[in-house]
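K.L.:
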Ligand SMILES: C[S@@+](CC[C@H](N)C(=O)[O-])C[C@H]1O[C@@H](n2cnc3c(N)ncnc32)[C@H](O)[C@@H]1O
């Protein structure tokens, strides 16, 4: 097998199958795994080792332009193509919008892909005609369709409205930034060495990087984890700089009992063990498969050398099932719409429904109320969501404080009122305590009075 890139026709086929699943409600990552499995099951030769990565790249880049692609398809074909044909056209249009090889070669490969599959074979001529027409009309169509907000912001109308409601002054900037490829940011495990020392090591290995938060290093060009210096030995972990802030702000002190209430895949559990000595951490996760990933992370980072950590598979909203006694710190990284991490998961706006926001806010409220009695007096509960929607952030904490007379909001860096809204950002200098390159988060800390 050649060591170069896999045939584009194969990558387009896998990406197209994933696209179909995505448009039927599957997450893009799950859709890609299933599409690749199906491809492998039908293949007569071993699957190219880089096919998964190539298909992922194509599917992600198409999803980052989903609204534009579907609006273009609408204009370019007089009748709606069958779903397998529409999916192949969609992912190919994604490639034509930012071509990395001559457009005629992309069209040829797409026609090849159509011919290789029973369900699209009869439409190979149609695929060819639509794509050639697309190349001719692409610049004008793109300019025209960008006038539609759903295309300009690549999100459904209700999503744009929610974002505008949450951030009237910044919503356009946030939505535009969220169409970009996410930065790869690492957390340096300061038990192994300083950020400065790690930056020097990267520099010596010819890897361009900069510090973007207290322990956060941004690799200017993404690398597979296997190629990241020190990753396998737990010297660094992949973690967004905004996400890193949560465990830092919890200010765990040596020897404390800590509950990490929604813990998988364990990024923050491992981080807590890097920040103080002899902690006793209960890491609770409701999903058993995801709980296994906590164990993997703890092993890689050797977190148990410094802390006693129990990984518990349980519903955090039912503490009677897992808690023995009270905690001095609780970290609630609650399930949410994930509206702050769309750069990493461009499928999110297309998978969520407007009603999900209220449902998730109810779940967050249930978790907060269930966990509050587990906190010792003078203890602190940190609430964090990777969402920028108001119902999951400021409104959630205002309602919590109104329900619990013994809860006091602590002031945070950049948020004197205790409601830290971290909007996705890319660039600038990191200032005391706050990172400069990060996703969108909401963080609040309640102290028990
Ligand atoms: C935002 S993720 C947590 C990320 C994690 N804290 C980290 O830093 O790696 C939320 C997690 O909460 C879990 N979860 C959702 N509902 C839960 C519940 N009722 N009890 C415990 N875990 C829950 C989800 O399965 C998911 O793994």
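In our numbering, the protein residues as written are 1 to 449.
Using N, Cα and C, we set each Cβ at its ideal position, and we do this for glycine too.
Looking at the structure shown, is residue 338 part of a helix, part of a strand, or coil, going by DSSP?
P.N.:
coil
K.L.:
Does any heavy atom of ligand 1 sit closer than 7 Å to the C-beta of residue 290?
P.N.:
Residue 290 Cβ: within cutoff of ligand 1.
K.L.:
Give me the Cβ distance between residue 439 and residue 341, rounded to the nearest whole Å; I'm assuming they're in contact under 8 Å.
P.N.:
At roughly 5 Å, the Cβ-Cβ gap stays under 8 Å, so residue 439 and residue 341 are in contact.
K.L.:
Where does residue 1 sit, in a helix, a strand or coil, going by DSSP?
P.N.:
Note that residue 1 scores a pLDDT of 45, beneath 50, so its modelled location is shaky; the value from the coordinates is reported in the next line. Reduced to three states, the DSSP call for residue 1 is coil.
K.L.:
For the beta strand (DSSP E) that residue 328 lies in, which residues bound it at each end?
P.N.:
327-333
K.L.:
Is residue 440 near ligand 1 - that is, is its Cβ less than 7 Å away from at least one heavy atom of it?
P.N.:
no
K.L.:
Do residue 294 and residue 382 have their C-beta atoms closer together than 8 Å?
P.N.:
no
K.L.:
Give the straight-line distance between the Cα atoms of residue 432 and residue 215, rounded to the nearest whole angstrom.
P.N.:
12 Å
K.L.:
Are there 16 or more other CB atoms within 10 angstroms of the CB of residue 167, so buried, or fewer, so exposed?
P.N.:
By the neighbour-count rule (16 or more Cβ atoms within 10 Å), residue 167 is buried.
K.L.:
Residue 150 and residue 142 - do their beta-carbons sit closer together than 8 Å?
P.N.:
no
K.L.:
For residue 392 and residue 306, I'd like the C-alpha separation in whole angstroms.
P.N.:
34 Å
K.L.:
Rounded to the nearest angstrom, what separates residue 210 and residue 366 at their Cα positions?
P.N.:
40 Å
K.L.:
Can you tell me the Cα-Cα spacing of residue 441 and residue 126, whole angstroms?
P.N.:
45 Å
K.L.:
Could you check how far apart the C-beta atoms of residue 11 and residue 32 are, in whole angstroms? I think they sit under 8 Å.
P.N.:
In fact, because the Cβ distance is near 11 Å, the residues do not count as touching under 8 Å.
K.L.:
Which same chain residues, not among the five before or five after residue 132, have their C-beta less than 6 Å away from its C-beta?
P.N.:
none
K.L.:
Spell out whether any CB of chain C is found under 8 Å from the CB atom of residue 337.
P.N.:
Within the model displayed, chain C is absent; a lone protein chain is all it includes.
K.L.:
How long is the line joining the alpha carbons of residue 219 and residue 263, rounded to whole angstroms?
P.N.:
26 Å
K.L.:
Just the Cα atoms here: how many angstroms apart are residue 7 and residue 64?
P.N.:
23 Å
K.L.:
Alpha carbon to alpha carbon, what distance is there between residue 243 and residue 9?
P.N.:
38 Å
K.L.:
Can you tell which of 230, 182 and 364 has the C-alpha that lies nearest to the C-alpha of residue 396?
P.N.:
364
K.L.:
Is any heavy atom of ligand 1 found at a distance shorter than 7 Å from the C-beta of residue 185?
P.N.:
no
K.L.:
To which residues of the same chain is residue 339 closer than 6 Å at the C-beta, ignoring the five residues directly before and after it?
P.N.:
387, 388 and 389
K.L.:
Would you check if the segment 226-233 and the segment 418-431 touch, i.e. whether three or more CB-CB distances between them fall below 8 Å?
P.N.:
At 8 Å Cβ cutoff, the stretches do not touch.
K.L.:
What are the boundary residues of the beta strand (DSSP E) that includes residue 307?
P.N.:
307-313
K.L.:
Taking residue 454 as the reference, give the member of 135, 28 and 100 with the closest Cα.
P.N.:
Look at the range of the chain in this structure, 1 to 449, and you will see that residue 454 is not part of it.
K.L.:
So, helix, strand or coil for residue 426, using DSSP?
P.N.:
strand
K.L.:
Would DSSP call residue 25 helix, strand or coil?
P.N.:
coil
K.L.:
Write down the C-beta distance between residue 456 and residue 399 rounded to the nearest angstrom, noting that I regard them as a contact closer than 8 Å.
P.N.:
Nothing can be reported for residue 456: it is not among the residues displayed for the chain, which extend from 1 to 449.
K.L.:
Is residue 388 close to ligand 1? I mean its beta-carbon at under 7 Å from any heavy atom of the ligand.
P.N.:
no
K.L.:
Taking residue 320 as the reference, which of 296, 370 and 21 has the closest Cα?
P.N.:
The option with the nearest alpha carbon to residue 320 is 370.
K.L.:
Tell me whether residue 268 counts as near ligand 1, meaning its Cβ is closer than 7 Å to at least one heavy atom of that ligand.
P.N.:
yes
K.L.:
What number of angstroms, rounded off, separates the C-alpha of residue 408 from the C-alpha of residue 447?
P.N.:
5 Å
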